[in-house]
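Quick notes on the structure that follows.
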């Protein structure tokens, strides 16, 4: 089940305007170039920002996401016909042979259920060609990022063309390591509607992730820093031998 911030049509429609700076994707574009990727599987593609950036570079892309509302937003964007969109997840993919599979932003951490996480790693492995890479990021639990998830730190009002003013903030709900739950709230000035979305992320230790990857047959080639968040994230690069 997708969180409402991705699965509710009204919230999916404003996801991009509320998060317009996607500089975090630059590192993944560079990785696609580094590996000479011509076919990419974008797991948790959301509203399609990364998939379309890849397609702009002539790369063949499959974008998969469990939130139909987000996939619908992606399909409505200019150039979307160049991407193969699927509503679902990496546990039930058609036969693929991609050079690179990615889970950008919070995708890996949002797969909080241990069994689904293992199935996702297996599904990505099966979708890769021999020598293909899996790249994803996860926050370093030692940095305790959740301590910054307060209304005071996140409150803002955004003017969105065709929608009007939207007030939004996040608030920490529960910390039960390795799980952390927070609530996003959205207030639409146009009609006063208030929508909330609860999300749970799993904060995995680096050693745990490496063990999981090796257990599914991957070779862990590198664990990098996130260029836009130095010292705060692990960026895993694993390879199907």
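In the working numbering, the protein residues as written are 564 to 804.
No residue lacks a Cβ here, since even glycine has one placed at the ideal position from N, Cα and C.
No experiment lies behind these values; they were computed from the predicted model shown.
Contact check, residue i vs residue j under 8 Å by CB: the rounded distance?
i           : j           : result
residue 693 : residue 572 : Contact flag wrong, Cβ pair sits at about 40 Å.
residue 734 : residue 713 : 7 Å
residue 721 : residue 581 : 6 Å
residue 673 : residue 701 : About 10 Å separates the two Cβ atoms, so there is no contact after all.
residue 776 : residue 675 : The pair is not a contact, with the Cβ atoms about 18 Å apart (cut-off 8 Å).
residue 665 : residue 591 : 6 Å
residue 783 : residue 773 : 5 Å
residue 637 : residue 614 : 7 Å
Name the DSSP beta bridge partners of residue i, please?
i           : result
residue 605 : 626 and 665
residue 650 : 628
residue 800 : 698 and 785
Just to confirm the assignment, what range does the alpha helix (DSSP H) spanning residue i have?
i           : result
residue 594 : 589 to 597
residue 573 : 572 to 575
residue 714 : 714 to 717
residue 566 : Per DSSP, residue 566 belongs to no alpha helix (DSSP H) and is neither H nor E.
residue 580 : 578 to 581
residue 656 : Counting along the chain, residue 656 falls outside any alpha helix (DSSP H), and DSSP gives it neither H nor E.
residue 673 : 670 to 673
residue 618 : 612 to 619
May I ask which residues mark the beginning and end of the beta strand (DSSP E) holding residue i?
i           : result
residue 827 : Here the chain has residues from 564 to 804 only, and residue 827 is not among them.
- Message: Which runs of the alpha helix (DSSP H) at least 4 residues long sit entirely within the stretch 720 to 795? Give them in chain order.
- Response: 769 to 778
- Task: Count the CB pairs spanning the stretch 593 to 606 and the stretch 618 to 625 that are closer than 8 Å, and state whether there are at least three.
- Result: yes
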